[in-house]
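Asker: I have a structure here, written as structure tokens, and I will follow up with some questions on it.
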Amino acid sequence: DSLEKIPVKIFKTPKEGSQQVARIISDLIKEKNAAGKKAVIGLATGSTPKSLYAELVKLHQDEGLSFKNVITFNLDQYYPMEPDALNSYHYFMRKYLFEQTDIDPENYFLPNGLIPKEKIKEHCAQYEQKIADAGGIDLQILGIGNNGHIGFNEPGSPVYSKTRLVTLENSTRIANSHEFGNISQVPRMAITMGISTIMKSHRIILMAWGKTKAPVIQKAVEGKPTEEVPASLLQNHDNCTFVVDEFAASEL
Ligand code: GLP
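For the sequence shown, full-length UniProt numbering gives the first residue as 3, with consecutive numbering after it.
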């Protein structure tokens, strides 16, 4: 398995790549719903999936794609973080996808950034259980950090890790500080699905746009799978594809 390279689909623009991924999601929803089942989709935040969510909203508006029978699980959430705060991933998801579709608020899940410290372990175990109860994730959408992180699984995250509280690398806090006033306002911790949570998804699509992602895409695809570059561990998944633009593919 790890001898096989991750398939990389290269598009001229993020929009074209996002349209392709939106089609895959739309087909999955229709296929599951036709079989009387709900589609279970793992979602990511950050700048990368914004164009994907715009395409999904378009499919909802123009083609009537319904999210009524869709369950979603987000990868991560800062800790601590109020759900209604401008930088919360709840807020992000509501703004870019949920409020613009017919998804039932009971059907989308994100880690709770307000859970008291002493209840985090239990909350994380429940998050894993909810995913299992839904039948597992049919398709997980991922972005990638400049240091190779997936979700908030920073370099060194164990392959067997599950949903848990993690400490963010300073480089990650700097990379994400543009969403906040300044770095001191970026939380130092987050709750994230683990590497094993992600690897259990039946299918994975990692998206990346732009020149700054080119070096880490090269390492993830062509480097040896290592916990030091968490995305490289996806080489061990049998149904994972990278969808990138020409800039992100430029070092392959
Ligand atoms: C964030 C998120 C990740 C995301 C990554 C890349 O911190 N926790 O899920 O994939 O970093 O972000 P961006 O898409 O803005 O480059």
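Beta carbons are placed, not taken as given, at the ideal position from N, Cα and C, and that holds for glycine.
Three or more C-beta pairs under 8 Å: does that hold for the segment 138–154 against the segment 173–182?
Answerer: Cβ pair count under 8 Å is three or more, so yes.
Asker: In chain order, what are the residue ranges of uninterrupted beta strand (DSSP E) at least 3 long that sit wholly in the segment 181–249?
Answerer: Qualifying beta strand (DSSP E) stretches, in chain order: 191–194, 205–210, 242–247.
Asker: Apart from the five residues just before and just after Lys226, which ones in its own chain have a Cβ nearer than 8 Å to its Cβ?
Answerer: On the sequence shown, residue 226 is found 224 positions in, with the first residue counted as 1. Here the set comprises Ser234.
Asker: Pull up the CB-CB distance for Thr194 and Val168, whole angstroms please, since I reckon it's below 8 Å.
Answerer: Reading the sequence shown from its first residue, position 192 is the one you call residue 194. Reading the sequence shown from its first residue, position 166 is the one you call residue 168. About 6 Å; that satisfies the 8 Å criterion.
Asker: Drop a sphere of 10 angstroms on the beta-carbon of Tyr162, count the other beta-carbons inside from all chains shown, and report buried for 16 or more, exposed for fewer.
Answerer: Within the sequence shown, the letter at position 160 stands for residue 162. Exposed.
Asker: Report the three-state DSSP secondary structure of Gln142 (helix, strand or coil).
Answerer: Residue mapping note: residue 142 aligns to position 140 of the sequence shown, counting from 1. Three-state result, Gln142: strand.
Asker: Can you list every residue whose CB sits closer than 6 Å to some heavy atom of ligand 1, going in chain order?
Answerer: The filter returns Ala46, Thr47, Gly48, Ser49, Thr50, Leu77, Asp78, Gly145, Ile146, Gly147, Gly153, Phe154, Thr174, Asn178, in chain order.
Asker: Please say whether Ile43 and Thr74 have beta carbons closer to each other than 8 Å?
Answerer: As a first step, residue 74 must be located in the sequence shown, where it is residue number 72. As a first step, residue 43 must be located in the sequence shown, where it is residue number 41. Yes.
Asker: Taking only three categories from DSSP, how would you classify Asn149?
Answerer: As a working note, residue 149 is residue 147 in the sequence shown. DSSP places Asn149 in coil when its eight states are reduced to three.
Asker: List the residues that DSSP assigns as beta-bridge partners of Asn155.
Answerer: Sequence index remark: in the sequence shown, residue 155 carries index 153 (1-based). According to DSSP, Asn155 bridges with Ile152.
Asker: Measure the C-alpha to C-alpha separation of Thr165 and Pro82 and round it to an integer number of angstroms.
Answerer: For the purposes of this step, residue 165 is identified with residue 163 of the sequence shown, where counting begins at 1. For the purposes of this step, residue 82 is identified with residue 80 of the sequence shown, where counting begins at 1. So the alpha carbons of these two residues sit roughly 15 Å apart.
Asker: By a C-beta neighbour count over all protein chains shown, 10 Å radius and 16 as the cutoff for buried, is Leu116 buried or exposed?
Answerer: Here residue 116 refers to the residue found at position 114 of the sequence shown. Label assigned to Leu116: exposed.
Asker: Provide the residue span of the beta strand (DSSP E) that contains Thr169, from first to last.
Answerer: Along the sequence shown, read from residue 1 onward, the residue named residue 169 stands at position 167. Residues 166–169.
Asker: Could you say if the segment 82–101 and the segment 42–62 meet the contact criterion of at least three C-beta pairs nearer than 8 Å?
Answerer: Touching, per the Cβ criterion.
Asker: Compute the Euclidean distance between the alpha carbons of Ile139 and Asp78, then round it to the nearest angstrom.
Answerer: Position 137 of the sequence shown holds residue 139. Position 76 of the sequence shown holds residue 78. Answer to the nearest angstrom: the Cα atoms are 15 Å apart.
Asker: Rounded to a whole number of angstroms, what is the C-alpha to C-alpha distance between Lys213 and Arg190?
Answerer: Here residue 213 refers to the residue found at position 211 of the sequence shown. Here residue 190 refers to the residue found at position 188 of the sequence shown. Cα-Cα distance, rounded: 27 Å.
Asker: Which two residues bound the contiguous beta strand (DSSP E) that contains Asp78?
Answerer: The count along the sequence shown starts at 1 and reaches residue 78 at position 76. Note, Asp78: beta strand (DSSP E), 78–81.
Asker: What span of residues does the alpha helix (DSSP H) with Lys119 cover, start to end?
Answerer: Residue mapping note: residue 119 aligns to position 117 of the sequence shown, counting from 1. Segment: none, Lys119 is in no alpha helix (DSSP H) and carries neither H nor E.
Asker: Considering only residues of the same chain and omitting the five flanking positions on each side of Ile122, which have a CB-CB separation below 6 Å?
Answerer: As a first step, residue 122 is located in the sequence shown; it is residue number 120 there, counting from the start. So the list reads Leu167, once near-sequence residues are dropped.
Asker: When burial is assigned at 16 or more other CB atoms within 10 Å of the CB, is Thr50 buried or exposed?
Answerer: By 1-based counting over the sequence shown, the position of residue 50 is 48. Counting Cβ neighbours within 10 Å, Thr50 comes out buried, since at least 16 surround it.
Asker: Mark Val245 as exposed unless 16 or more other C-beta atoms lie within 10 angstroms of its C-beta, in which case mark it buried.
Answerer: As a working note, residue 245 is residue 243 in the sequence shown. With 16 or more Cβ atoms within 10 Å of its Cβ, Val245 is classed as buried.
Asker: I'd like the list of long-range same chain contacts for Gln102, defined as Cβ closer than 6 Å, with 5 residues on each side in sequence excluded.
Answerer: Position 100 of the sequence shown, counted from the first residue, corresponds to residue 102. Result list for Gln102: Val59, in chain order.
Asker: DSSP beta-bridge partners for Val72?
Answerer: Residue numbering aside, residue 72 sits at position 70 when the sequence shown is read from its first letter. In the DSSP output, where bridge partners are listed per residue, Val72 has Ala41.
Asker: If the criterion is Cβ atoms closer than 8 Å, does the pair Leu236 and Leu254 meet it?
Answerer: Here residue 236 refers to the residue found at position 234 when the sequence shown is read from its first residue. Here residue 254 refers to the residue found at position 252 when the sequence shown is read from its first residue. Cβ atoms of Leu236 and Leu254: not closer than 8 Å.
Asker: Which residue's Cα is closest to the Cα of Ala46: Asn89, Gly153, Glu224?
Answerer: Here residue 46 corresponds to residue number 44 of the sequence shown, with the count starting at 1. It is Gly153 whose Cα lies nearest to the Cα of Ala46.
Asker: By the DSSP assignment, the beta strand (DSSP E) with Phe13 in it spans what residues?
Answerer: Counted from its first residue, the sequence shown places residue 13 at position 11. Taken as a continuous stretch (DSSP letters only), the beta strand (DSSP E) holding Phe13 covers 10–13.
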